[in-house]
Amino acid sequence: MTASLDAKQPARQGKARPIARVVKGQPASDGAGVKLNRVIGTGQLPDLDPFLMLDEFRSDDPAAYIAGFPDHPHRGFETVTYMLAGRMRHGDNKGNKGLLGPGSVQWMTAGRGIVHSEMPEQEQGLMWGFQLWINLPARDKMTAPRYQDIAADAIPQVAAGNGATVKVIAGSYDGMRGPVDPGRTEPLYLDVDLAADGSFSTPLPAAHAGFVYVYDGAVEIGPDGAGRTLSRGELGVLGEGEAVSARGAGGAGKFLLLAGRPLREPVVKYGPFVMNTPDEIRQAIMDFQAGRF
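Position 99 of the sequence shown, counting from 1, maps to 373 under the numbering used here, and the rest follow consecutively.
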């Protein structure tokens, strides 16, 4: 669905957030050897509360992705897979099945435990997308698992009229709400396509942690006249403020804007389990081994 903003007045915005730091991803592999670029979840940026991990997978070499992500467990957080190109088949032990194609999203709340797989449904061509891990608050870590399979045409697309096109995956942009029920961390997840001479801005709660990840071209982020240019593969952690502002930087650019309410709770990670205490991690391992997922 597409909406025009030409007849609307922009929402009142406060101070544009500067870029507090810039990080680049590191080569990694996951699943059965899928090659990817890990941007959050490294020694450089272990997490950004409530975000635990961000991976970008991008390859036109089938050997880099064909083995996929066979059955594996999760507990205590949410996974969000967003496809730009290629096809991935999801299946889990709760009976959920889905096919992720270009522009589609899978938002899975692992809760107390789920076992799932994501396997490529192609043997050649470009496979490109992202997987994000979002933490769950302690009171929700043992909630019932939930699966949301969102087709590309169910994601609102806003033609801003100032050289920006915005896909609203979660949260809202200029009155358009994304199809995902976001949960207690109140995440904002936007995919912004910015023309060379385009501009983009949106309010952002001052208490939310946030970042911009440029996945194509280059974009200038920050206050007008004092922004910082991010190029493909760079993540900019947002500093303090009440809005995000972006401009084209010598050419077109595409970026993800993500923000969420920090939980400020202890985080204990062990592979596919994210809990609050070591005892809870040990219990997760025992429950999985005993077939209680």
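Glycine included, C-beta positions come from ideal geometry on N, C-alpha and C.
About 7 Å separates the Cβ atoms of R535 and P324, confirming a contact at the 8 Å cut-off. The DSSP-derived three-state label of M560 is helix.
Taking a C-beta distance under 8 Å as the contact criterion, M357 and Y421 do not qualify as a contact pair.
In this structure the segment 488 to 502 touches the segment 285 to 297; the number of beta carbon pairs closer than 8 Å is three or more. The closest CA to that of G315, considering only L322, D304 and M327, is found on M327. Distance between A470 and A412, taken at the CA atoms: about 43 Å.
In the structure shown, E514 adopts coil according to DSSP, grouped into three states.
With respect to Q396, G360 sits close: the two C-beta atoms are nearer than 8 Å. The C-alpha of V308 lies about 20 Å from the C-alpha of G377. Shown here for K441: same chain residues with a beta carbon closer than 6 Å to its own, the five before and five after excluded, namely I429, Q431 and D465 in chain order. Between E460 and I408, the gap from beta carbon to beta carbon reaches 8 Å or more.
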